[in-house]
Every structure is written in structure tokens, then in C-alpha cells.
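Engineer: Chains as they are written, first to last, in the working numbering: chain C, 577 to 891; chain Y, 577 to 891; chain F, 577 to 891; chain G, 577 to 891; chain U, 577 to 891; chain X, 577 to 891. Where is the CB? At the ideal position from N, CA and C, for every residue including glycine.
Protein chains: 6
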Amino acid sequence: MKRQFVSEIKAGEPVDDFFVLAEKTLLQKKDGNNYLNIVLSDRSGWIKGVVWDNVEEIASLVKPGDVVQVKATAGEYRGALQLVVKGMTTVTVESGDFSDFIPATARDIDLMFERVVALSDSLRPSYLKALFQVFWKDDGFVEKFKAAPAAKKMHHAYLGGLLEHTLSMAVLADKIAGHYSGIDRDLLVAGALLHDIGKIGEFRWDIHIDYSDEGRLLNHITIGVRMMEEKIQTIQNFPEEKALLLKHMVVSHHGSREFGSPEPPKTIEAVLLNYIDEIDAKVQGIREFMGKENPDEPWTSYHRLLERHFYRGKA
Amino acid sequence: MKRQFVSEIKAGEPVDDFFVLAEKTLLQKKDGNNYLNIVLSDRSGWIKGVVWDNVEEIASLVKPGDVVQVKATAGEYRGALQLVVKGMTTVTVESGDFSDFIPATARDIDLMFERVVALSDSLRPSYLKALFQVFWKDDGFVEKFKAAPAAKKMHHAYLGGLLEHTLSMAVLADKIAGHYSGIDRDLLVAGALLHDIGKIGEFRWDIHIDYSDEGRLLNHITIGVRMMEEKIQTIQNFPEEKALLLKHMVVSHHGSREFGSPEPPKTIEAVLLNYIDEIDAKVQGIREFMGKENPDEPWTSYHRLLERHFYRGKA
Amino acid sequence: MKRQFVSEIKAGEPVDDFFVLAEKTLLQKKDGNNYLNIVLSDRSGWIKGVVWDNVEEIASLVKPGDVVQVKATAGEYRGALQLVVKGMTTVTVESGDFSDFIPATARDIDLMFERVVALSDSLRPSYLKALFQVFWKDDGFVEKFKAAPAAKKMHHAYLGGLLEHTLSMAVLADKIAGHYSGIDRDLLVAGALLHDIGKIGEFRWDIHIDYSDEGRLLNHITIGVRMMEEKIQTIQNFPEEKALLLKHMVVSHHGSREFGSPEPPKTIEAVLLNYIDEIDAKVQGIREFMGKENPDEPWTSYHRLLERHFYRGKA
Amino acid sequence: MKRQFVSEIKAGEPVDDFFVLAEKTLLQKKDGNNYLNIVLSDRSGWIKGVVWDNVEEIASLVKPGDVVQVKATAGEYRGALQLVVKGMTTVTVESGDFSDFIPATARDIDLMFERVVALSDSLRPSYLKALFQVFWKDDGFVEKFKAAPAAKKMHHAYLGGLLEHTLSMAVLADKIAGHYSGIDRDLLVAGALLHDIGKIGEFRWDIHIDYSDEGRLLNHITIGVRMMEEKIQTIQNFPEEKALLLKHMVVSHHGSREFGSPEPPKTIEAVLLNYIDEIDAKVQGIREFMGKENPDEPWTSYHRLLERHFYRGKA
Amino acid sequence: MKRQFVSEIKAGEPVDDFFVLAEKTLLQKKDGNNYLNIVLSDRSGWIKGVVWDNVEEIASLVKPGDVVQVKATAGEYRGALQLVVKGMTTVTVESGDFSDFIPATARDIDLMFERVVALSDSLRPSYLKALFQVFWKDDGFVEKFKAAPAAKKMHHAYLGGLLEHTLSMAVLADKIAGHYSGIDRDLLVAGALLHDIGKIGEFRWDIHIDYSDEGRLLNHITIGVRMMEEKIQTIQNFPEEKALLLKHMVVSHHGSREFGSPEPPKTIEAVLLNYIDEIDAKVQGIREFMGKENPDEPWTSYHRLLERHFYRGKA
Amino acid sequence: MKRQFVSEIKAGEPVDDFFVLAEKTLLQKKDGNNYLNIVLSDRSGWIKGVVWDNVEEIASLVKPGDVVQVKATAGEYRGALQLVVKGMTTVTVESGDFSDFIPATARDIDLMFERVVALSDSLRPSYLKALFQVFWKDDGFVEKFKAAPAAKKMHHAYLGGLLEHTLSMAVLADKIAGHYSGIDRDLLVAGALLHDIGKIGEFRWDIHIDYSDEGRLLNHITIGVRMMEEKIQTIQNFPEEKALLLKHMVVSHHGSREFGSPEPPKTIEAVLLNYIDEIDAKVQGIREFMGKENPDEPWTSYHRLLERHFYRGKA
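#1: Which runs of the alpha helix (DSSP H), 4 residues or longer, sit entirely within the stretch 647-728 of chain G?
#2: What residues in the stretch 792-826 of chain G have a beta carbon less than 8 Å from any beta carbon of chain F?
#3: Are residue 845 of chain Y and residue 764 of chain Y close, meaning C-beta to C-beta below 8 Å?
#4: Under 8 Å, CB to CB, which of the residues in the stretch 849-860 of chain F have a partner in chain Y?
#5: Which residues in the same chain have their Cβ closer than 8 Å to the Cβ of residue 632 of chain G, if we skip the five residues on either side of it in sequence?
#6: Are the CB atoms of residue 591 of chain Y and residue 622 of chain Y nearer to each other than 8 Å?
#7: Could you tell me the distance, in whole angstroms, from the CA atom of residue 709 of chain U to the CA atom of residue 719 of chain U?
#8: Taking only beta carbons into account, state which residues of the stretch 728-762 of chain C come closer than 8 Å to chain X, listed in chain order.
#9: Is residue 696 of chain G buried or exposed, if buried means 16 or more other CB atoms sit within 10 Å of its CB?
#10: Suppose the cutoff is 7 Å on Cβ atoms and the five residues either side in sequence are ignored; what does the same chain contact list for residue 826 of chain U look like?
#11: How is residue 851 of chain C classed by DSSP in three states: helix, strand or coil?
#12: Return the bridge partner residues of residue 875 of chain F from the DSSP annotation.
#13: For residue 841 of chain C, which option in Y/843, Y/795, Y/814 has the closest C-alpha, if you only look at C-alpha atoms?
#14: Hey, residue 657 of chain X and residue 587 of chain X: beta-carbon distance below 8 Å or not?
#15: Taking CB distances under 8 Å as the criterion, tell me whether residue 900 of chain G reaches chain X.
#16: Considering residue 625 of chain G, what are the terminal residues of the beta strand (DSSP E) in which it resides?
#17: Does the beta-carbon of residue 880 of chain C have 16 or more other beta-carbons within 10 angstroms, so that it is buried, or is it exposed?
#18: Counting only Cβ-Cβ distances shorter than 9 Å, please list the residues of the stretch 827-845 of chain U near chain G, keeping chain order.
#19: With 16 other CB atoms within 10 Å as the buried threshold, where does residue 619 of chain X fall?
#20: Run down chain U in chain order and give the residues with a C-beta less than 8 Å from the C-beta of residue 847 of chain G.
#21: Report yes if the CB atom of residue 598 of chain C is closer than 8 Å to the CB atom of residue 626 of chain C, and no otherwise.
#22: Skipping 5 residues on each side, what residues in its chain have a beta carbon closer than 6 Å to that of residue 736 of chain X?
#23: How many Å lie between residue 850 of chain F and residue 814 of chain C at the Cα?
#24: So, does the CB of residue 890 of chain Y fall closer than 8 Å to a CB anywhere in chain F?
#25: Look up residue 749 of chain X in the DSSP assignment and say whether it is helix, strand or coil.
#26: If you compare alpha carbons, which of C/734, C/694, C/705, C/837 is closest to residue 808 of chain C?
#27: Out of G/831, G/652, G/848, G/877, state which residue places its alpha-carbon closest to the alpha-carbon of residue 883 of chain U.
#28: Considering only the alpha carbon of each residue, which of F/594, F/578, F/589, F/635 lies closest to residue 600 of chain F?
#29: Near residue 862 of chain X, what residues of its chain come up, given a Cβ to Cβ distance below 7 Å and the 5 sequence neighbours on each side ignored?
#30: So which residues of chain X does residue 790 of chain U contact, with C-beta pairs closer than 7 Å?
#31: With burial defined as no fewer than 16 other Cβ atoms inside 10 Å of the residue's Cβ, what is the status of residue 812 of chain F: buried or exposed?
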């Protein structure tokens, strides 16, 4: 549907396409006339805009959160691009497909999902294989699992991010499990596949990515354990000890109470899962951070959360 | 069944009664003969004992964790009481009632339970009243809820402790709710009644109080949320927002991630519940600590966890 | 004296009333002429203003911290109200009553004070009753005690806030004391009444609320203990142990060194006082925070100090 | 009075002297007869003893905390010295001088006090000089100030330790004040002299060094501020700002809330005082620790509080 | 070369001198024409400027980091000074002397260096004296040692700051060493002289002060130890134990791992060095902070890092 | 040389072999005669012993730290094995091989070293390959690198532990490097091989494993950087940036200042190295801990440092 993405708009070009109206502020000029400052977004980023004409009419037709069709010209103001908007109306996205409007993984979702399913088929215990078959048959689950982000910011904060993060962790888990003797590879890989499923309830991503009420009040760990229990109950003779150990992977995967796990990892596999999660989140987060920085500078700007500059090397 | 409790044994008296064999150690005298050091316990405390005769035979008949019938004489050794044991055999507690062998509340369990039920009947929303009726009709739940301890040590670490702690908190919640305008008293009292129900799965108290496997791997918060969800699902039209808020009371009642809550309290009622829990646990814990100390001293000994001496005042 | 409060001014209305001149900045227009940006405040909040004419004369007549009489018209600029000021002169508040200019409790101060006195009369030990009588006879103390805020921000940060906080805590203390056996109710209630009296020295509230030099250098705990000692010395036969315990209530009421108490609570009553203080401060602080937020949103904005959004429920 | 100190007793020698009875335990031999294990102390250390004869009579005549006259022979048991006690009776120390029984400074108390007084005389502002004169005229204060320890353990934990620590800090303060321009040397030295005076109320040292009730409940910072206020009030025209700054030195000398100061240092002089206190306490504490260790080892044993071994160098 | 420093420019004056171009931003006016916002700096501070004419040409000739010759007039805009720039060209500083452009110590560098050398000559062990002679003969080292700052901000963050900080600490070390018996004064003073030499590699100060790549990746402690090792290796028979102890002074001078020392101080001298470093850094940092504040106010503004206001006293 | 190891001695057997004399204590029996309590150790563990005859002679011939030849009989005392020693003399271990006396890796050292060399040969940049060739040609280095432990306790605390830990990490690094695009695999693997080389100076393992003076005073990170610099200097044209990045791997491998790294990881490779180190140390540490516990229990005892019980599963 969309053809012009925010990141590709150039000064001087006409714009006629769909965006999310992220912000709308009614202001007054010195001459007493109103004008409208707006922010438009799509999956590629943000752009500011201004409406000088038909202000009241346009203002009454749109509200933040709407998908709007915008006619405008791209100019520059104070060194940044700005759209001078001629017309804007709310539209209905009949396809129900908002993927153009929120950031999404650059990778092929169906391909990633196939690999996840293949990994779950490689698990040897029949009760584990059965558990994943129950998950994959739940269409509502699969649809959300393929769409959900893994975070609101920091790392994998885009549609498909949960799937991308899950697949990367499960593959890494498979590699590391073989490095040490005595590791239950099937438990570790299954834990990697399931550890963050609660995020499909923790987030909502209708128009932009944010926490759901349930996410803020219960946390994805609590939600994830409940989802596992519902599925496990449908499987006959799922060994009780194995069910406990698998739920423990989810409960403990943040590593310590300080980071939100009610219990710390108490099996070798849970200890490993926590490290694999940290590696995948940190490496991907730092790479996303580096990717936004000036490629000509050997050092990134200061990363506030990690409290340091990162070095990318000299060209 | 029992008549002689550890705390009442006096030097010089004969002993013939039932105890839990807590520890058993086979040692050698200088002359090369074996003897047996043991520790016996019941709900009132611990006592040491020694077996000089028929050592091998007795040692082969009993193992730690057994309920044993003991024939002995009470003497003194190095300033403390010690039983010189003549005979000891494992017995079966046919009644299945081990209440003589683990510490238990000094209060009337049925009376406390009645008051808890009455508080649940005082809740005005029909869906809350219905929820508790489902709980009280679950005999397996009620039996454990009346028997469970609230902790392994520190406070209410005895049978019936969970009920005692729950009742005390619910009554206090009722008082404090009325102090501030705008508090949802029913949500607060219901939260107080339910906040620790997961402890019936977190602990086991067959012969002594300890964590269960499930308790160590999942934590009572995770277990409690699941128990609530199972019951809520059985009630028609339980308002979804209210279910979330009630589960949030359980999820957040430890106050912060550092203390094991995956999310901190995000409603006024959840904030209050956390304080009421802290008050009841701390006050009862300090009183139990004071109760074990020399009543003639104005100061207690050093409390390692709270890092201070407490002052009880001069007689 | 005042009739128009900042929170009630509407666009288009004339304004002629008294305000505190909170800020004054002299700026230059592009044509080289000066103009004046100002901020005016009263107990209900803040408003910005601009002076285009007689700038130098007006600027020379007023300085920040003055109470000024303002003649102006209310307009809108960039979506917010702004006063276009025609005239402004410093006035003397002959009444010495600045209560119109700083935020104040919405409750009846004399009524609250009566209830505080009544609570102090309910104390059974004669030495405690006597102590409060000495305080209440000290007019300078009573005047400040009725006027002082309980904080500069966060909770009860308004005139009368100390009294409101003190009364609320003492009533709550009375309720909780009865919940547990073995609590010295009189010590607890007396401690609640006295715990923050040092704040009358820690703050100044001439025109706005701020820390005094003494407050910044000594802290209200140190000041409060000294105030108690001065009064206790005037009472014959005040039991020495009771004086220590009462002063300990003040010394320890922040709960730990980390929060400013030189010693942590070492009696059950001091432990309770700390919790009651935390409850009253936190509940009131969260309610004030919620009160400033958009009532149509179920979630508040992010609370930086408590590091979370709060949920007020759906309408 | 005493001639034989614990640290000088040698195996084989007869002992006939006065000690503090620190501990007394009545035990039973295998043959059913009683014997008495005791611990005796004086200012130089501890020694164990045993009473085989006249056990019941001796046990009835003495209690822990008494000064006792002991007749015994020194032997060795399990590699350590042990007194075999023949007779022991409680005596009254008519002199009231217990300095033989608790550890005391090795330095000359009167000489140290003279130097402290001289430093106080060197202060230039008349109100400061006057303040110290009031302190030195208070005989009760001076007696305690010369006798008090500076701590219960860690550093200067002996009689005269407060004076030794105070003098060392004041001299050091004098040196450092001259190193930086713009330091109020008189405020810094006066602060050093007064910073710990509250310790004369925080500790008691009748027979051994321990915290007093007041010390545990109020802390020496609170006590010290009160002592200063009482004296300052007796001086006419003591400048109010200077009184605040001097009290601030006491209030803030632990450096942060975490270490017990209600406010952190907010003047250059208070910042310096905190460092001087840390240096003197740490250097002396480490030297005392080193002094107790085997002089042939280059490394000390592990210092639990400071979490490291210290290196003294190779001989 | 320079005659007009930023801190001395007055409104209305013509400006014709050299500055560092710190920032350059190309902006558009409403009429579509470009203008240039710039920031110029020299050792005395910062000033903003604007270029209205010949914008494109000037913009193409200069880049941030250049030393530029500027012709301008000083005006005022929004209450602050602003240069209206007529011409600006990059120049080459042939002298290679950038001392006019970065902040520098107000003290005489050669005099300070002489005193440092004199202190090193006062060391008694011949191997220490020899070590410093090797350092002082290394011209590259001496040049950098005299020029380097001690920090990027906070304290001594100016050219010559390292030398000033080093001298101050060594003199203070000399004073404090004499205060306690048993201190190795030579080790302490040598440690003070060498503790921060790694900063000549940690920082670069070509045009402004910043971390070098080596500084960010290795830290001045690691760099300093290497520099010492290179010099020590050139001295015959430098006692191995003494070399270890001297390097330990550098390794441990931040006092704990938390502050960047791989090992905490384990000798009395290292403990003292850490305190002396803290005193000198903190006192100087607070004085610099006070120096930038309004001298008429008794309190400074809030110091974010030290989390307090500082009190300078009333005039 | 040795045939009987401590872990294999059985009650009733004669013992005639070599051990390290770990402790020696001279004690007195009640009859006044001396006896000797000793502790003997070898690589498999500890055993206590007692000497009843020829006590003075034997005591004079041996001192702790000696390798001694012992003739004894194994008995039981208080439930534990105890040697009754008939003769004991110090011997010289002419081979200089103490491997029988300290715990050592169960794996083949030469095989592990071969694999390490092979990994270093697989590095593509010639300067890295050259660097390792210089290390491998340094026989003194190789000998220590093959012998050193990786820790004093916790994990790999045995001879060959450094090599085992290094090889495991390098192999794991190789696997993980391939999982993410954009990782410099050669830098990561080289960092893994070199990260702990400083431990050959940090520890000594003559008779038992302990920290060296250099280790306690300088830390293995400081030592390791110096060792790298010495070798790098011998290689012509080693790229300066690469040398910095390689040294940064060592400097930052503990992840944060709190854990002893002067700088945190600032490249993706350094971030990964820190996680790989944590994984290998933690997994191996937990496995060693599990290995010492009762294999019939599903839960281990409490791990004090990691503050939890670990679950090994039911048999």
C-alpha cells in the first residue's frame, strides 16, 4: 500500500502516502491564527510536519493513533526535514495489515518460523515434541508469536523481533549444549524456544509497540508460565519433574531477582539459558546502537544505559 | 498420643514417648566400641541423646526422619540435658497426624478459618464472593490452607502460620482501607486473603517444614497466580480488569524485583498490601525473636538478618 | 485579598490581582528593543507573562520574590495561557499573611489541630500528657506547627502539610496499635505526633517552600531531637527510659541509615512508626501524583522516583 | 594494685592477683561431680581457668562482671595456658579505678589532654575559645572525655582511645588546613576536637567496653550535637551561623547517610573533617590489626571487614 | 598571539582574533536563505556566533576543530552575548602552541616542576632517586607530564592540571607521612609523584581535552604501570619487593575495584595514598565548582555528582 | 613415586608413602605428656593424623610445607579416618615434580596444549600468528602456562586448570563467533587464548595453590597486559590499533570495574569474551560443586557464594 517511507523522503519532493499520526498540537501564530504541528511515523522512522491552511477543519478530522493519508511537500526547517501539509484525512486500513507502520524485522518471518519448528522437531523426548505440536496448532498463538516484538526499546524492538531473538537463541543453545558434557540439550533448546512466549501478552503492537495492561501488571514471566501450563495440561503423561524444570527455565531466565526472575537459575541448563539470553540481547542491542551512529567515527556516542562509548574501529 | 514434650523434660526423669529422629551419628569410643549420638525433636524443640548399649541393633532399625518410640533417662552433660537412651524403634503414625512433631500455631485453627471465611463473605462484589466460595469448596485446598506454614524460618514458621498471617493481614487491611478515601477496600482485603496461597505449594510439612521442589523451582508467587487463574476460570463473567488487578496483588506483594516480585505495586491497593505484609511479617518475626531471649535482659542478642539488637525495656 | 487565582484565569479575561513574581528575565527583540518575560505564581500554580511596554521602568520596580500587583490581559501563546502585562508594582502584604501565595492544605487547619490535641490528651501516662501540654503552650511552636509543610516536594508539600501528615499518622498509629498485643499504644501515638516536628526548623515558607540553612546543615531529625529535649527538661520526673524511647522514635523513624536515620528502629513501636510514616507519605504522594494526571487515561505518566507507571483503572 | 597481667603469665608460675570474672560455666564430669570453667580478663587480655575443688562454694560467691581475687597455678591444656584455680572471691575495688581491668591507651592521658587544651587555646575567634573553656571547666565532661574509648572494636577500642583519636585528628587537621588556601583552620580544628564527644554517652566502660542504652538508641552524633548545644547556649553572642557550621561538622562527619550522618558534608571544612576521621580510624585500625599478627609473616591473615590481607613487608 | 579572550568580550566591541571553532551548524531562514550558527572557544570559555552573509563560502572554508581567525561584532541576543561574524578563515598555528585555546593552570608550570624534582631528590633510597632521574631525563615524558590535564572534567581539568595535582599530593603526603610512626615516607611520596603518570597516555589535548583511544581502552592505571616497568627495567638492582610495592601504589590508588583499581590498597602507604588522592581531587573539585557560582549566594546550586548544595557562608 | 592417595586410604590398612605436611600442632595430654596432631595432604584431599610416640623427635624433624614420608596405621576416630603415625621424616623430592601433591586436571595436558597451539595457528592475520609463535617459543612461559591453575578455589582450581579453561573458552569463542555476522573471529579467539595468562604470575603452586605476592599486589590483569606488551614489542609492524584491541580484551574481560576490570568491554568481541569467561567459569564451578555432593540427593547443599541450592534431578 505504502510507497514512500519516512527514511526515504527528500527535500523538495511531493509526498502523497499513508502514515500514522503520532502527535498533533494546535498552536497560535503571533497574528492570532492557528496552525498545526504534527509528527508522522511509519516503520522506517519519524518526520515532523506543519499545517498552515484549513487548520481547524483538518484538526477536527484526525486524532493521534489514526492512520492518515497525507498530501504535502518536503522542505527543510532548522536543518531538518519538515513536511508542509496540504491535506490529511483518516483512512481505514482494510487489510488490517499495519506492518508498514511499525518497525519490523528485516528477515523473512516464515523462514525463521520454519527453522523454529524444525528445531522443535529435533527434540528427542516425545512429550517435548508433543508440547510444541500443541503450540504450533494454536493458530492464535502462532500468529502472535510471529508478529510480536521482543522489547519496546533496546534490542529486537520491532515486529518479528521475538521470533528473531527466539530463533537466534535456540540455535546458539544447540551449539553451546554440545560444548559441555552432561547438558540436557533438549531441555536447553526447548527452554530457549519458550523462554519469552509471555511477551505476546506483555506487548501490544496495533499501531505502535507498547506494554499491554496485562504486561505492566503481571510481567511476561508470569504470563509465559501460565501459557505453558495450559498447553502442558493437554498432554497426557507429561512427566511432572520435566514440567517443573521447563517452567523453571522461564521463571529463572532473567538470572536474578534484581532483574525480575522470582527464582535464580538452579539447574545447569537454566544457568546457560540466562547467559544465552544476555548474549543475544546485548550483542543485538549494541549492534543496533552502532548501526544508528555515524559510520565515519571510530567511537559511538555515549550509551546511557551501558555507561560507555563503544569502539567500532577505524575505517 | 504424645504426653512428654521436649521442652518439659527434666533431669532425672524417665522418658517413654514418641519423637522424630532428626539426626543419627555412629561414633567410636577410645576402646574401639561404637556408640550413637542422636537428636530427637517434637513440636516444642530439640534434645540430644546418646546410646551406649545395643548400638548396632538400634542403629540398624531407625533412620533420620522416622517417628521413633524412645525409652530413656534424662541426665545432664556439659550443662545441657541429654537422654541416655535404652531403646528406640521406628513406629507408624497411623493417625497420619504429625502435629505433635512439628511446631504449630498456638491459636485455634478452626476459629481463625471461620474469621477468614467471614471476611470473604463481607466482600461486596458478587464475583469476589463467588471466587472465595470456589476456594472454600475445594477441600484439598482448605486442608492445606489451614495446615501450611507461612515460612521456613523468620516469622510464622509453624503449622497454621499461613492462616494466622493471612487473617492478621486481612483484618489490618480492613482497618487501613477505611483510613484513606478512594481505596477499594474489597480489592485490598481480597488481596490480603489470597496473597500467599501459593505457599501451600511452596512448602512441604510432612515431618518438618521445608521447601518443596516446586517451591524452589517456581516460587510461591508463580504458584499462587496459577491457583487464582484456575479458580477464576470457573466463574462466569469475572470482570477481566478485576482479575488482572487481583492477580497483580499477588504478583507485586513483595514490593520490588529485588525481593522477588516480577513487577512492583502499581495500584494504591497493591502498595498498601505490600506494606501490610511487611508490617505483619516484621512485627511477628521480631516478637518471636524476642520471645526466645532471656526475659531479664533489656536488650536481645544480635539479630543477624536485621543487623541490630532490639530493646524490650527494663522489667 | 486575592480574588483571581492562577488556576482559574481564562483566555480573554482581564486580570488585576496580587501574585508572587517568581522569575524575571530581560530579553531583546530583533529590533533591539527590550521586553520582559516573567513567571507569576500563587498557591494554585504558575503562569507565564510578557511585558512589551514601559519595560525598563517596570523592570526596575520589581524583583523576584516580591509580591506584585499585576494588571494584564490573558491571551494564548503556543497553546498555553500567557498574560500580556500592562502594569506591575511591588506591594507590601501588611497582613503578613502569605497563605494566598503558597500552596496550602485543602483541609481545616484548626480542626486538624484540635484532633491532634485531643489525641495527645488521650495518652495515659501523665508525663506524656504533660509533655504535649508544654508544646501546646508554646505559641511560637504551635504557629509554625500549624503552618509548616511536610516536604518541599513529593508529598504534603504545602502549608499545613506537616499537620495533615501528623494527624493522619497518629490516627493510623492508634488503629494499628490495637491490632497487636503488647504494643505500647501511648508511645506509638506520641511518637507519631512528634516524629517530624523538626521540620518546622528544616523548612522556611515565607514566599515559597524551601530548605532553611539549618535544615540543610542539620536535618530535621537532629533538630527534632533537640526540640524534644528542651521540652522534656522542663517536666519534673520525666522517666529517663521513656525519654530515651521517645527520642528514639524520632531518631529512627526513617528506618535505616541509608534513608537518614542515625540508628534503625530497635523497639516494636519504632518499627511500626517507620512503616506508618512510609505508608502515609507514599499513599499521599501517589494520590497527589495521580491527581495531576489526565483523568481519562487508565495509566499515569512515568513516576521517575518510584520508577513505574501507576494504574487508576478504566472509567 | 595489680602486679600480674594476663599477657605476662607463664606456665608453671603461681598466680595471686585481681581479675575480672568474664564468664562462669558449671559443668559435670563423667563421674557426676561438678567443675567450673571460667574466663578471667584484665586490660592485657583473656585467660581460661578451671576449678576442680570447692566448686559449689566458689561458684556461689562470684558472678560474671565481678572483680575477683584469684589464687591459682598456671598450666597448659591443649596448647594454651590455663589456670587451675584454688580460690576465688569477689572483692570491692575501693579506689573505683578499673583501669587495670580494661584495655587502655599506652600513651600519657594527661599529656594528651594538655595538648588538646593547647590546641583549643590556639583558636583565634573568641567565641570558639570560650566554648572550649566551658567544656574544660565541666569536670564531669573532662573526666569522661579523658577516659572514654573511641570504639567497641576496630580502632582505638580502649580507655583513652577517644582522647588519642581526637588529638591525632586535631593535629592532622591543623597540618592539612595550612595546605589549602581558603580553609577556615579554626573551624576545622574545632570540629576535629568536638566531632566525637558524643561517644562519652554512647559507650560505658565500667568493667568492659560496651554500648550504653543511650548509645544504641540515639547514636553519638545525636548525643554530641545536644552536648554542643548545651554549652553554646551558655556563651553570649555565639554567632548563629558559626554555631550551625560547627554543629554541621559533627552531624556530617561520617560522610554520608549510609555511614550514619543525617546530612553529608556541605562545607570544605566538613569534607576535610570526614577524610581526616577516615584516615585516622583506618590507619590506626590497620596498625592494631597488624600488631596482633605473627611478625615473621609478610602478609597478615584475612581482614574480614576490609576484605583483604595486608602486606607488612619481608623482614 | 591572542589578545581577546572569550571571557573578556563585551557587547558593542569589535572582535578580531583567533579561536577554536567548536561547533558549526548550517540552518535555513524562513525566506529560504542559509545562515550559520557557530560556537567559538578559547582557554577562557565559550561564545556563540551567527553568520548572515557569505554563508556558503565561509561554511566551506572551516570545519570544527580548526583554529580560525574571526572578524565580528559582539551583540546581545536573548540575554546572552553573541558574535555577528563578518569573516572567518582557518589558520595554521605555526608555533604549535595551543595553550591559548584550552584551559590551563593559573600556576607557574616550571616552578611546579622544579618543586616536583626537588621532592624526588629528597627521597633517600638510591634506587628511587635513580628512577626519577630516568624519568626526568626522558624529554618526551617531561614535556607531556608538564602539559597534561588530570581529568576531562570534575577537577584539575586543564593543562598543567596533572602537574598541579601531583605536586599538591606529594607535598601533602610528605606532611601526613610524618604524622604517623612507621610510615615509609619515601614510598608514600614516590607513590604520590607517580600515581597518575598514566594520564599522559589516557588523555589527548591537541585542541581540546578528551580521552585518547588508548585511554578509553586501557585506562591510566594500566598505562601507568607499564610506564613504570619500562623505567624500572633500566635501573640495575632495583629491589624486586620495592618495585612491587611501588607499582601497587599505582594499581590500588583508586581505593577499590568499584572505582577502577584492580586491587585495593594492601599497605599502609597505599591506604594513605588513596585518601590523599581523594582529598586533593575532592577539595579542588569543590573549589572549582564554588568558583563558578554566584558569589553573592551563600549556597551553590545543586552539585549533581556529589548530590548536594555546598555552603560558602554569608558575605 | 606415590602409590597411596588420601582418597583411597581405608580403615585398618597400613600406610607408607609421601604426603605434604599441611599442619602440625603440639598438644598436651592430661598426664602432661606431649602428642602431635597433624594434617597430611596430597592431590586427592586431606587426612588427619596423631603421633603418640617419639613426639619431640619427630616434631623437630618436620615443618609445615614439607613433603614427608609417613609410616602409619589408618584407624577411625569420631566417625572419621585418622592415621596413627609411627614415623615421619622430611624428604627431598628430587624429581622436582610435585604433581602428586596438589590437585591436577584429569585431562591430558599435552593434548590440550596441542589443541591450543592448533587454534593459534588457525588465526588468519600474520601478526597474531607471529605473536603466538613468540609465546610458544618461550619455554619458561609454556611450562608455567601448562602447569598453572585458573583459580585458588571456585573453578579450575587445580594444576592444568588454566590450560583447560583457556582451551574450553577458545573453542567456545570459535563457535559463537560464527553465530553472529560482523564478529572479528580472530580477535575473539586470540583474546580467549590470552585473557588469563597473567595468572601464571598471580599464583604459585610449589606445594599448594596460593596467590603470589605479585598476584596480591598487582592482579593478573595488570600482569597479563605487561606480558602481552613484552611479546608484542618483539614483533615488527604489529598494527598499533590491533595491539590496543587485543590488550583491551585482557583489561576488560571481567566485565565491569566492580569485578576488577579497570575498563568495561567496549567492543563486541570484548563483550562476548566476558560472557564466554562467565559461562565457562560458572558452568565448571557448578559442576565441580555438584560433583562433591551426595549423588543420591536431587538437591545439592546450599552454595554460599551463589546463594542457592542446585537441582541435579532425581535418579
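Structural biologist: So, from the data block:
#1: 685-697, 702-713, 715-723
#2: 792, 793, 794, 795, 797, 798, 801, 802, 805, 817, 820, 821, 823, 824
#3: Yes, Cβ-Cβ distance for residue 845 of chain Y and residue 764 of chain Y is below 8 Å.
#4: 851, 854, 855, 858, 859
#5: Within the same chain, residue 632 of chain G has close Cβ partners 610.
#6: no
#7: 15 Å
#8: 744, 747, 748, 751, 752, 755, 756, 758
#9: buried
#10: 770, 771, 797, 800, 801, 804
#11: helix
#12: According to the DSSP secondary-structure assignment, residue 875 of chain F is paired through a beta bridge with F/887.
#13: Y/795
#14: yes
#15: With chain G running from 577 to 891 in the structure shown, residue 900 of chain G is simply not present.
#16: 621-627 is the span of the beta strand (DSSP E), which, as asked, contains residue 625 of chain G.
#17: exposed
#18: 839, 840, 841, 842, 843, 844
#19: buried
#20: 858, 859, 862
#21: no
#22: 680, 681, 685
#23: Approximately 49 Å, taken between the alpha carbons.
#24: Yes, residue 890 of chain Y counts as interfacial toward chain F.
#25: helix
#26: C/705
#27: G/831
#28: F/635
#29: Close CB contacts of residue 862 of chain X within its chain, under the 7 Å cut and outside five residues either way in sequence, are with 886 (chain order).
#30: 820
#31: exposed
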